[in-house]
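> What follows is a single structure, and I will ask about it in a moment.
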Amino acid sequence: MSASVVSLFQGSTAHSPSYGQLTRAGAAAGTGGAVTDFCIPCNPYFPTPAMLDGLRGRLHEILTYYPSDAGTITAELCQVLGLNPQTVAMGNGSTELITWIDHLLVRESLAVPVPTFGRWTDQPMETGKRVDMFPLPERDGFALDPAAYANFLHARGSRAAVICNPNNPDGGLLPRRALLALLDELRHLDLVVVDESFLDFADGAVDGGAPSVVHEAVLRPNVIVLRSLGKNFGLHGIRFGYLVANPGLAGRVRAALPKWNLNSFAETVVFMLRDHRQEYADSIRQVCRDRQDMRWHLSRLPGLTVYPSQGNFLYVRLPDGVDGAVVRDRLLERHGVLIRECGNKIGSSSGFLRLVVRPQTDVMRLVSGLEDVLGAGRGAVVPEPVGGTAYSSGTAAVDRIVTGYAG
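Here it is in structure tokens:
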């Protein structure tokens, strides 16, 4: 990989460059090559090759004609999932729904544990809301303490709250009973969003072991559950997700969305799901097995701390003094391995990586690359810059920002 490719990571955005940006930069520099992607959290086993062949066979039709309206696509999804269409709103990716939740339902302040998905902090800041950030302590493996979070919300006077379950980037999962008790404790808030974008990847989820709280959400006046189809199905490029809430809340969001906010690819995949439930469940089970295997291999590398995860990614702490940005750049340049370094994620630092779960062959390529980049005697262990990085995982650093941001 050339310096022009690596330079794409030097911006100040909270997200990595897209795969398209990377491949275009590589092609322009004449250094394009296969990249093993440990950055974008998707499902490597779904859709199946047969499903992809079916999509290719319908490509002309998909690209030529308008999709059905969102109501038609939503009704089919609800048939597959056993949900009432009046309680569901589908969006052009979960980020579209986060945007409308902020515009329509968040009044003055939003509380969110950090580190977490960047749009939950960035979106309300962009619209001038106060964002109350609750630091997840590293000493507890970044686990969310429901009682401490509830006390924080009461002390700050937050009017809305987010609970990502599992959380991104650490994969921490709040047990169902504890989550429902927390929702009871927060019944006085204007809004509580439970972001379940990665819940299907939790152990036993597709077999009923880590059930969603969507059925409880539709009975509560202030709860929205957010789900992602792109992440679950390994189809980020299609951009589709949905929320579930009582008919009043879901209806407010649905009414604000454009009539044709979903594209024909999304429609085609939704109408294929009914016939491919078993393949989907099998794919999730394989990801869970891969996660266990990948964690074992990474944990054997000296100096790495690999936190337990119920997502399709692992949160990894690098050895003390190692700059994750340098590790990222050298893995890409030397080994064609793309990773997510977390220095630009609020509540984290460049001492942490988020590594997406992939098949064993790819994992061995990652492990080999890390052994090279972190290996003793190769000049690869690079101290962090004096003064630290943009954000720190330490509680003290986050304490300086929990007073809230206003746009």
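Count along the sequence shown from 1, add 18, and you get the number used in the numbering used here.
The C-beta atom is built at its ideal place from N, Cα and C for all residues, glycine as well.
Roughly how many whole angstroms lie between the Cα atoms of Ala-93 and Thr-139?
The count along the sequence shown starts at 1 and reaches residue 93 at position 75. The count along the sequence shown starts at 1 and reaches residue 139 at position 121. Those two C-alpha atoms are separated by around 31 Å.
> Measuring CA to CA, which of Asn-279, Val-288, Ala-273, Pro-184 is closest to Ala-223?
Counted from its first residue, the sequence shown places residue 223 at position 205. Measuring from the Cα of Ala-223, the nearest candidate turns out to be Pro-184.
> Anyone know if the C-beta pair for Ala-178 and Ser-127 falls short of 9 Å?
The residue you call residue 178 lines up with position 160 of the sequence shown. The residue you call residue 127 lines up with position 109 of the sequence shown. A contact, by the Cβ cut-off of 9 Å.
> Any chance you could list the beta strand (DSSP E) runs of at least 3 consecutive residues sitting entirely within the segment 195-220, in chain order?
209-213
> Using C-beta distances below 8 Å, list every residue in its chain close to Arg-194, excluding the 5 sequence neighbours before and after it, in chain order.
As a position in the sequence shown, residue 194 is number 176, starting the count at 1. Correct list, in chain order: Ala-228, Pro-229, Val-231.
> Pro-326 to Ala-166, Cα distance in whole Å?
For the purposes of this step, residue 326 is taken as the residue at position 308 of the sequence shown. For the purposes of this step, residue 166 is taken as the residue at position 148 of the sequence shown. When rounded, the distance between both Cα atoms is 21 Å.
> From this set, Glu-144, Asn-250, Asp-158, Leu-201, which residue's C-alpha is nearest Tyr-63's C-alpha?
Position 45 of the sequence shown, counted from the start, is the residue given in the question as residue 63. Closest option to Tyr-63, Cα to Cα, is Asn-250.
> Which of helix, strand or coil does DSSP assign to Glu-359?
In the sequence shown, counting from the first residue as 1, residue 359 sits at position 341. The answer is strand: DSSP assigns Glu-359 an E or B state.
> Kindly indicate which residue of Arg-137, Leu-350, Leu-81 has the alpha-carbon position closest to the one of Ile-364.
Counted from its first residue, the sequence shown places residue 364 at position 346. With distances taken between CA atoms, Ile-364 lies nearest to Arg-137 out of Arg-137, Leu-350, Leu-81.
> With which residues is Ala-108 paired in a DSSP beta bridge?
By 1-based counting over the sequence shown, the position of residue 108 is 90. Per the sequence shown, the amino acid found at residue 108 is Met instead of Ala. Paired residue(s): Tyr-260.
> Short of 7 Å in beta carbon distance, which residues of its chain neighbour Ser-86, apart from the five on each side in sequence? Order them along the chain.
The sequence position of residue 86 within the sequence shown is 68, counting from 1. Same-chain partners within the cutoff: Glu-285.
> For Tyr-83, count neighbouring Cβ atoms within 10 angstroms of its own Cβ and tell me buried if that reaches 16, exposed if not.
In the sequence shown, counting from the first residue as 1, residue 83 sits at position 65. Exposed, since its Cβ has fewer than 16 Cβ neighbours within 10 Å.
> May I have the straight-line CA-CA distance separating Cys-60 from Leu-373, to the nearest angstrom?
Reading the sequence shown from its first residue, position 42 is the one you call residue 60. Reading the sequence shown from its first residue, position 355 is the one you call residue 373. So the alpha carbons of these two residues sit roughly 11 Å apart.
> Of all the options Met-312, Asp-293, Asp-347, Gly-266, which has the alpha carbon lying nearest to the alpha carbon of Gln-104?
Within the sequence shown, residue 104 is the residue found at index 86, counting from 1. Ranking the options by Cα distance to Gln-104, first place goes to Gly-266.
> Roughly how many whole angstroms lie between the Cα atoms of Tyr-298 and Pro-65?
Taking the first residue of the sequence shown as 1, we reach residue 298 at position 280. Taking the first residue of the sequence shown as 1, we reach residue 65 at position 47. Straight-line Cα distance between these residues: approximately 8 Å.
> Are the Cβ atoms of His-121 and Thr-90 separated by less than 9 Å?
Against the sequence shown, residue 121 aligns to sequence position 103. Against the sequence shown, residue 90 aligns to sequence position 72. Taking 9 Å as the Cβ cut-off, His-121 and Thr-90 do not qualify as a contacting pair.
> Classify Thr-323 as helix, strand or coil using the three-state DSSP reduction.
Locating residue 323 in the sequence shown gives position 305, counting from the first residue. Reduced to three states, the DSSP call for Thr-323 is strand.
> Go through its chain and collect everything with a Cβ distance to Pro-337's Cβ below 6 Å, but skip five positions before and after it.
Along the sequence shown, one-based indexing puts residue 337 at 319. If we look at Pro-337 and ignore the five residues flanking it on each side, its Cβ neighbours are Gly-321.
> Inspect the CB distances between the segment 148-162 and the segment 380-392 and report whether three or more fall short of 8 Å.
no
> With distances taken between CB atoms, is the gap from Phe-258 to Gly-72 smaller than 9 Å?
If you number the sequence shown from 1, residue 258 lands on position 240. If you number the sequence shown from 1, residue 72 lands on position 54. Taking 9 Å as the Cβ cut-off, Phe-258 and Gly-72 do not qualify as a contacting pair.
> DSSP three-state call for Cys-57: helix, strand or coil?
Position 39 of the sequence shown, counting from 1, holds the residue named residue 57. In the structure shown, Cys-57 sits in coil (DSSP, three-state: anything other than H, G, I, E or B).
> Would you mind giving the Cβ-Cβ distance between Gly-361 and Val-340, rounded to the nearest angstrom? I have them listed as a contact below 8 Å.
Taking the sequence shown and counting its residues from 1, the one referred to as residue 361 is at position 343. Taking the sequence shown and counting its residues from 1, the one referred to as residue 340 is at position 322. 12 Å between Cβ atoms; not a contact.
> Hey, how far is the Cα of Pro-35 from the Cα of Ile-116?
Here residue 35 corresponds to residue number 17 of the sequence shown, with the count starting at 1. Here residue 116 corresponds to residue number 98 of the sequence shown, with the count starting at 1. It is roughly 21 Å from the alpha-carbon of Pro-35 to the alpha-carbon of Ile-116.
> So, at 6 Å on beta carbons, what are the nonlocal neighbours of Arg-346 in its own chain, with the 5 sequence-adjacent residues on each side left out?
Sequence index remark: in the sequence shown, residue 346 carries index 328 (1-based). Around Arg-346: Ile-357, Glu-359.
> From this set, Gly-111, Val-212, Leu-197, Leu-237, which residue's C-alpha is nearest Leu-101's C-alpha?
For the purposes of this step, residue 101 is taken as residue 83 along the sequence shown, with counting starting at 1. Of Gly-111, Val-212, Leu-197, Leu-237, the residue nearest in Cα terms is Leu-237.
> For Ala-263, which of Leu-275, Ile-256, Val-241, Arg-245 has the nearest alpha-carbon?
What you label residue 263 is simply residue 245 of the sequence shown in a count that begins at 1. Ranking Leu-275, Ile-256, Val-241, Arg-245 by Cα distance to Ala-263 puts Val-241 first.
> Shortest alpha-carbon distance to Asn-279 belongs to which of Val-375, Ala-107, Cys-182, Gly-252?
Within the sequence shown, residue 279 is the residue found at index 261, counting from 1. Taking only the C-alpha atoms, the option nearest Asn-279 is Ala-107.
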